[in-house]
Amino acid sequence: MPCYNGARHLAQGVASVQAQTRTDWQLVIVDDGSSDDSWAVMQSLAEAEPRIVPVRQDNAGAAAARNHGLKVASGRLIAFLDADDTWHTDFLALMSNALAGREDTALAYCGWQNVGLGREGSKPFVPPEYEGPGKTEALLGGCRWPIHGAMLGAAAIRLHGDFDTALSSCMDYDLWLRLGCRLTLVRVPEVLAFYHFHDGEQITKNRSRIAFNHLRAQRKFLAANPGVEEQLGTEKVRALTDGELLHRAYTSYWKGDLATARPLFRAVMASRYGSAKDWLYMLPALLPLPLHRLLLRMLRTRSAPDSPR
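Count the sequence shown with our numbering and you get residues 37 to 345, in order.
If you want it as structure tokens, here you go:
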């Protein structure tokens, strides 16, 4: 459990671990150089709960904090939980049961739900079945479970690599993409993970950075596995990478979020991707922002196009 200035929500995340029906757990909490009272809260929680192990490091980001926690953790199975998120009380029990007998060769994932976004943004979601002939293509398109919606063997993650500290976001996608193609994926069709939003800004923050890091993780994977493009074909790979970036750009564009859409459109154009119709929507991203905003206001009465996937 990485924690950076999470004192206000830490007890809630820890309580969801303490409430687990499977009780033989260890919780390693890594204070990532917090400037609030996180360390004091961790120490207080650990004094009352011997299964909690608090550790401290200079601020280095979530990926480094999770890697630090992996070095300290002593369990055979590993799961990740951010300080302000929670698990269903049966998370550890159901996920570990799904891995029984194949702890070192499989990765279990489950359904999840947003909390705090209102009715439309908080519908429960269970990811589809990924294991099968099209697994690599599906994973390259995206892993539709959150960081705290998975469990795998400690030996597997230590063998195949930990979190990439060069990524400021999407480090979990990078890890799942690398591991998911090597391990058997086991779907647990239950909503067991909850992602908590605490303010209105959280869901839109750094959306363009997330999109670019998603693309970086994809390209990193393709560079390390050149046979994937040979297997899928260049056209399919471009649809899954540049096409996904274009899709995210359109999503932001039609929400009026030009700050996110413009750099994404420019990156897609730099890759020489998209149809003639796509370019009609992308080219204005080269205009000064006020002119682009004026153009968008003029087009808002029209229906949004089907963005590439």
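Here a beta-carbon is modelled for each residue, glycine too, at the ideal position from N, C-alpha and C.
With which residues is residue i paired in a DSSP beta bridge?
i	result
residue 6	There is simply no residue 6 to check, as the chain begins at 37 and stops at 345 in what is shown.
residue 222	144
residue 187	115 and 144
residue 161	148
What three-state label does DSSP hand residue i in the structure shown?
i	result
residue 104	helix
residue 229	strand
residue 320	helix
residue 334	helix
residue 273	helix
residue 254	helix
residue 151	strand
residue 248	helix
residue 38	strand
residue 313	helix
residue 168	coil
residue 203	coil
residue 135	coil
residue 177	helix
residue 85	coil
residue 60	coil
residue 299	helix
residue 308	coil
residue 75	helix
residue 182	coil
residue 97	coil
residue 288	helix
residue 283	helix
residue 262	coil
residue 80	helix
residue 238	Confidence at residue 238 is low in this model, with a pLDDT of 42, below 50, so the placement of that residue should be treated as unreliable; the coordinate-derived value is given next. It is coil, neither helix nor strand.
residue 293	coil
residue 278	helix
residue 129	helix
I'd like to check one pair, residue j with residue i: are the Cβ atoms closer than 8 Å?
i	j	result
residue 187	residue 144	yes
residue 206	residue 253	yes
residue 249	residue 203	yes
residue 151	residue 227	no
residue 85	residue 54	yes
residue 46	residue 77	yes
residue 281	residue 247	yes
residue 277	residue 255	yes
residue 135	residue 142	yes
residue 223	residue 165	yes
residue 93	residue 66	yes
residue 219	residue 191	no
residue 182	residue 231	yes
residue 275	residue 301	no
residue 125	residue 48	no
residue 221	residue 167	yes
What is the residue span of the beta strand (DSSP E) that residue i lies within?
i	result
residue 208	First-last for residue 208: 207-216, but that is the alpha helix (DSSP H), not the beta strand (DSSP E).
residue 63	63-68
residue 90	88-93
The alpha helix (DSSP H) that contains residue i, what's its start and end?
i	result
residue 124	Premise fails: residue 124 is in no alpha helix (DSSP H) and is neither H nor E.
residue 47	43-54
Residue i to residue j, Cα distance in whole Å?
i	j	result
residue 189	residue 88	20 Å
residue 310	residue 149	33 Å
residue 292	residue 80	45 Å
residue 237	residue 153	Here the model assigns residue 237 a pLDDT of 37, short of 50, so the residue's position is not dependable, and the following value carries that caveat. Between residue 237 and residue 153, the C-alpha separation is close to 11 Å.
residue 70	residue 98	12 Å
residue 185	residue 243	21 Å
residue 335	residue 212	39 Å
residue 38	residue 199	13 Å
residue 42	residue 68	10 Å
residue 121	residue 312	43 Å
residue 100	residue 109	14 Å
residue 320	residue 159	35 Å
residue 209	residue 201	13 Å
residue 332	residue 102	41 Å
residue 169	residue 283	25 Å
residue 147	residue 328	39 Å
residue 138	residue 131	12 Å
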